[in-house]
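Take a look at the structure set out below.
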Amino acid sequence: MADRGELLLMDAEIGLPAQIARPWTRVRLNAAAPATVAVQQRRLVWVPDHEEMARRYPSTALALPYRFAVASAPIESRDHVWGCWSLLWPQSRPRELTPHELEVITLSSKKLAGLLEQAAESGHPVRPAGRPRVIPPVRRREPDPGTASAASDYVDRLREGCVTLDLEGRITFVNPMAAELLGGDVTELLGKLLWEVTAWLQEPLFEDRCRAAVVSQEVTSCVAHRPDGRRLEFQLFPDPTGISLRLTLAPPDEAAPPHPPVFGARDLSREDVFYNFVPFAAALTRALKVQEIIDLFADHIMPVVKVQAMAVVIAEGGKLKIVGSCGYDREVLDRFDGVPLALPTPAERVMRTGEPAFFSSPDELRQLYPYAAQHDRMSSWAFLPIGGSDGTAGACVLAFDEPRSFTGEDRAGLTTLTELISQALDRALLYDAKERLAHGLQETLLPRRLPEIPRLAAAARYLPATHGVDIGGDFYDLIRLDDTAMAVIGDVQGHNITAAALMGQVRTAVRTHAAAGVGPGEALTYTNRLLIETETELFTSCLLVHVDLRLRTLRAASAGHPPPLLRPPNAPGEVIDVPVGPPLGVDEGACYPTLVVPFPPGALLALYTDGLVETPRGDLDQAIGALAGLLTGAAGRPPQELADILLNHAPHTAQRADDIALLVLEHLV
């Protein structure tokens, strides 16, 4: 262990290629992997197969998509954990460790801990080297010269190609027949990586099969196509020192055997991982909404694993709710969206039990869930749980247009993929829930509709910021006061729920003071004192304009807010230079002067927040002047149309770092 117990550094390894071991040379202790859990929980962690690895440690399963079992044990003495060590077996071994194996692991862990403790107490603690030590495998025996010569003669007489590779895939022996089949000679091939000796072997999948044989220690095979079109079959026989290969050339008229349409973790070549899964995983960290994650899955993963449709389902209000989908017809989605949880469905079962469910054919689905089979026209399905911070957050449905048998490898691969996106989906579901809450809060805090005031036409718009929770502190209001009105526009610092709550307080305070008959400057003064008393850390800009249609005047006061715009009848738009006091909540003794300007029939007033005019590195005065120019160019347009024009021509409204509020008033003739 290193970095104050937060990092595991690999000190030594035996039996693994460097390319496989390299990603595990530095592992953060908070990562989900057998070794880290063994250290964190101070217990032996046993993973018997890849399917179990995919379920418990999906990131590890994706990085090592091979068939193997692993035991990770902590190295601890008294109150100190020194690190851990891991042992790998072929997956074909028994699923449980034997008592003898457990005893050996326990005794070895204690012995390792004792040695490390003794070294530390002697003043010579063992520290990780710059790079892991690669311990050479112990060979069973060294043959005498006569035996070696006889073995070489035996291999040379075979009508098959024979090749041996070290753990990295370099050729250490090749007989003449193999050299001929590979299109080279013996001396040229020795020492080279097998997949680099000829162009038709330079396929990532072939290299990955060799890696899989070394890690899984299981006999396997693969096929390559020579330039003459004939198939060359490779049989791989691994052991801890390397791989022995037998090369057989298929007869010219022998057709290639069909490959069943299955997907497993071992079918993911390094090319798949690099070109699809790595960009997918990187993009997941930026995705905020469920549909964004589904779109990423559709773009990067569905073509690889041959999924035709996908849906994410949650439970809400005692019913199934589809929160995102891809590939399904709207008609099918409508059939399942809103189905009561009391009706048995695969998605309900998965969310209730937390266990995946696989159906290889419509008949198989129909036997248990006739409603689902009746309305879903796909041919096979995987229903997979979406893990959340407090249990199962939902279910992910993957559908295929052909019947397929879900082998253990298929289930492990699909489970790994779903586990990979579970954290992102859980985060997105939480984000969507907050967004729904934000929308509800926003609708409560902003006016549902503007009051009808004789001889005054009004239009209002609000756009939230495109980043963060979809709610902000910008607000507007129009308050009817007998034959006059008070127009309000304001901006609480930030665009989150806290800002929105403060916005509600400000709006309520302004309404109260306006109803009491005080002017704009006094209303701002009283509201400022209220915010000072609440000791809020946020400040608020606000602009109040009292509209007197009988006197045809505007009285305006500003607390650190952008100036209003006025377009007199038959005249260009202009900026009203209202005296600006400090924002609300900053200075207890602040005062807010009031400016009176004419507001004759035909005049138009626009109040807005800074999100409409501010841009990074932009000139604010120029932006406000340009907005006044839009008022001039849109002469004769009613307030509703003008509000849309102002929003559409404003900068960066597609990607907004700030929310926008806008209020447009026209004194009707």
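Following full-length UniProt numbering from start to finish, the sequence shown increments by one per residue and tops out at 669. All residues carry an ideal CB built from backbone N, CA and C; glycine is no exception.
* Asked: Leaving out the 5 sequence neighbours to the left and right, which residues in its chain are closer than 6 Å to E203 when beta-carbon positions are compared?
  -> Within the sequence shown, numbered from 1, the residue matching residue 203 stands at position 203. There are no such residues.
* Asked: Taking the alpha helix (DSSP H) that E180 falls in, what are its first and last residues?
  -> In the sequence shown, residue 180 corresponds to position 180, counting from 1. Taken as a continuous stretch (DSSP letters only), the alpha helix (DSSP H) holding E180 covers 176 to 182.
* To which residues of the same chain is S72 closer than 6 Å at the C-beta, ignoring the five residues directly before and after it? -> Working through the sequence shown from its first residue, we reach residue 72 at position 72. So the list reads P34, A35, A38, V45, C84, S86, once near-sequence residues are dropped.
* With a threshold of 16 other CB atoms inside 10 Å of the CB of V492, please say whether the residue is buried or exposed. => Here the question's residue 492 lines up with position 492 in the sequence shown. V492 is buried by the Cβ-count criterion.
* To do: Could you check what DSSP says for H375 in three-state terms: helix, strand or coil?
  => Against the sequence shown, residue 375 aligns to sequence position 375. Residue state, collapsed to three classes: helix.
* **Rounded separation between A287 and R159 - CA only** => Here residue 287 refers to the residue found at position 287 when the sequence shown is read from its first residue. Here residue 159 refers to the residue found at position 159 when the sequence shown is read from its first residue. Going from the Cα of A287 to the Cα of R159 covers about 57 Å.
* Residues that C162 bridges to, as DSSP identifies them -> As a working note, residue 162 is residue 162 in the sequence shown. Its beta-bridge partners are R246.
* To do: Work out the CA separation of L478 and R507 for me, nearest whole Å.
  => As a first step, residue 507 must be located in the sequence shown, where it is residue number 507. As a first step, residue 478 must be located in the sequence shown, where it is residue number 478. Between R507 and L478, the C-alpha separation is close to 10 Å.
* To do: On a CA-only basis, which of L116, L88, L102 is nearest R78? Give me that one, please.
  => Within the sequence shown, the letter at position 78 stands for residue 78. Looking at the Cα atoms, L116 is the closest of the given residues.
* Whose C-alpha, out of T512, I105, A501, is nearest the C-alpha of M486? -> Your numbering for residue 486 matches position 486 in the sequence shown. The shortest Cα separation from M486 among T512, I105, A501 belongs to T512.
* Asked: Are the C-beta atoms of A287 and some chain D residue less than 7 Å apart?
  -> Protein chain content of the structure displayed is limited to a single chain, and chain D is not contained in it.
* What span of residues does the alpha helix (DSSP H) with A18 cover, start to end? -> Here residue 18 corresponds to residue number 18 of the sequence shown, with the count starting at 1. Where A18 is concerned, the enclosing alpha helix (DSSP H) stretches over 18 to 21.
* To do: Can you grab the Cα-Cα spacing for the pair S109 / A63, in whole Å?
  => Walking along the sequence shown from the start, residue 109 turns up at place 109. Walking along the sequence shown from the start, residue 63 turns up at place 63. Going by the C-alpha atoms only, they are around 27 Å apart.
* DSSP three-state assignment for L647, whether helix, strand or coil -> The residue labelled residue 647 in the question sits at position 647 within the sequence shown. Three-state result, L647: helix.
* Asked: In whole angstroms, what is the alpha-carbon distance linking G327 and P58?
  -> Here residue 327 refers to the residue found at position 327 when the sequence shown is read from its first residue. Here residue 58 refers to the residue found at position 58 when the sequence shown is read from its first residue. Between G327 and P58, the C-alpha separation is close to 25 Å.
* **Cβ neighbour criterion (16 or more within 10 Å) applied to G413** => For this step, residue 413 is matched to residue 413 along the sequence shown. G413 comes out buried.
* Asked: Just how far apart, CA to CA, sit V664 and L450?
  -> Here residue 664 refers to the residue found at position 664 of the sequence shown. Here residue 450 refers to the residue found at position 450 of the sequence shown. The straight-line gap from Cα to Cα measures roughly 11 Å.
* In chain order, what residues of the same chain lie with their CB nearer than 6 Å to the CB of E419, ignoring the 5 residues before and after it? -> Counted from its first residue, the sequence shown places residue 419 at position 419. If we look at E419 and ignore the five residues flanking it on each side, its Cβ neighbours are P58.
* How many Å lie between T415 and L437 at the Cα? -> Looking up residue 415 in the sequence shown gives position 415. Looking up residue 437 in the sequence shown gives position 437. When rounded, the distance between both Cα atoms is 32 Å.
* To do: Figure out for me which residue from E233, L595, R43, P227 has the closest Cα to the Cα of T220.
  => Within the sequence shown, numbered from 1, the residue matching residue 220 stands at position 220. Comparing Cα-Cα distances from T220 to each of E233, L595, R43, P227, the minimum goes to E233.
* Would you tell me roughly how many angstroms separate the C-alpha atoms of A315 and A393, rounded to the nearest one? => Within the sequence shown, numbered from 1, the residue matching residue 315 stands at position 315. Within the sequence shown, numbered from 1, the residue matching residue 393 stands at position 393. Straight-line Cα distance between these residues: approximately 8 Å.
* In this structure, does DSSP put I576 in helix, strand or coil? -> Position 576 of the sequence shown, counted from the start, is the residue given in the question as residue 576. Correct three-state label for I576: coil.
* R335 vs H375 beta-carbon contact at 7 Å -> Against the sequence shown, residue 335 aligns to sequence position 335. Against the sequence shown, residue 375 aligns to sequence position 375. Yes; because the gap between Cβ atoms is below 7 Å, this pair is in contact.
* To do: Could you check if D474 is buried or exposed, using at least 16 other CB atoms within 10 Å of its CB as the buried criterion?
  => Position 474 of the sequence shown holds residue 474. The residue in question, D474, is buried, as its Cβ has 16 or more Cβ neighbours within 10 Å.
* To do: Confirm, please, whether the CB-CB distance from S405 to S361 is below 7 Å.
  => By 1-based counting over the sequence shown, the position of residue 361 is 361. By 1-based counting over the sequence shown, the position of residue 405 is 405. Their beta carbons are not under 7 Å apart, which means S361 does not touch S405 by this criterion.
* **the stretch 534 to 545 touching the stretch 573 to 586, judged by at least three CB pairs closer than 8 Å** => yes
* Mind reading off the beta-carbon distance from W195 to G169? Whole number of angstroms is fine, and I expect it under 8 Å. => Stepping through the sequence shown from its first residue, residue 195 is reached at position 195. Stepping through the sequence shown from its first residue, residue 169 is reached at position 169. Rounded, the Cβ-Cβ distance is 7 Å, consistent with contact.
* Reference D644; option with closest CA among R461, P572, I624, D619 -> Walking along the sequence shown from the start, residue 644 turns up at place 644. Minimum Cα distance to D644 is reached at R461.
* To do: For K192, write down the residues that DSSP places opposite it in a beta bridge.
  => The residue labelled residue 192 in the question sits at position 192 within the sequence shown. Answer is none; K192 lacks a bridge partner.
* Asked: Between P639 and A433, what straight-line distance do the alpha-carbon atoms span, to the nearest angstrom?
  -> Taking the sequence shown and counting its residues from 1, one reaches residue 639 at position 639. Taking the sequence shown and counting its residues from 1, one reaches residue 433 at position 433. The alpha-carbon atoms of P639 and A433 are separated by roughly 34 Å.
* Asked: Since F358 is in the beta strand (DSSP E), which residue starts that stretch and which ends it?
  -> As a position in the sequence shown, residue 358 is number 358, starting the count at 1. 357 to 359 is the span of the beta strand (DSSP E), which, as asked, contains F358.
* **E13 - DSSP class collapsed to helix/strand/coil** => Numbered from 1 along the sequence shown, position 13 holds the residue referred to as residue 13. The answer is strand: DSSP assigns E13 an E or B state.
* **Proximity winner among E641, P356, M10, relative to V134 (alpha-carbon distances)** => Here the question's residue 134 lines up with position 134 in the sequence shown. Nearest option by C-alpha distance: M10.
* Classify F539 as helix, strand or coil using the three-state DSSP reduction. => The count along the sequence shown starts at 1 and reaches residue 539 at position 539. Of the three classes helix, strand and coil, the one that applies to F539 here is coil, per DSSP.
* Could you spell out where the alpha helix (DSSP H) holding F297 opens and where it closes? => Stepping through the sequence shown from its first residue, residue 297 is reached at position 297. Looking at the DSSP string, the run of the alpha helix (DSSP H) that includes F297 is 290 to 300.
* What is the C-beta distance between T632 and V597, in whole angstroms, given that I count them as a contact (C-beta under 8 Å)? -> Counting from 1 along the sequence shown, the entry for residue 632 is found at position 632. Counting from 1 along the sequence shown, the entry for residue 597 is found at position 597. 17 Å between Cβ atoms; not a contact.
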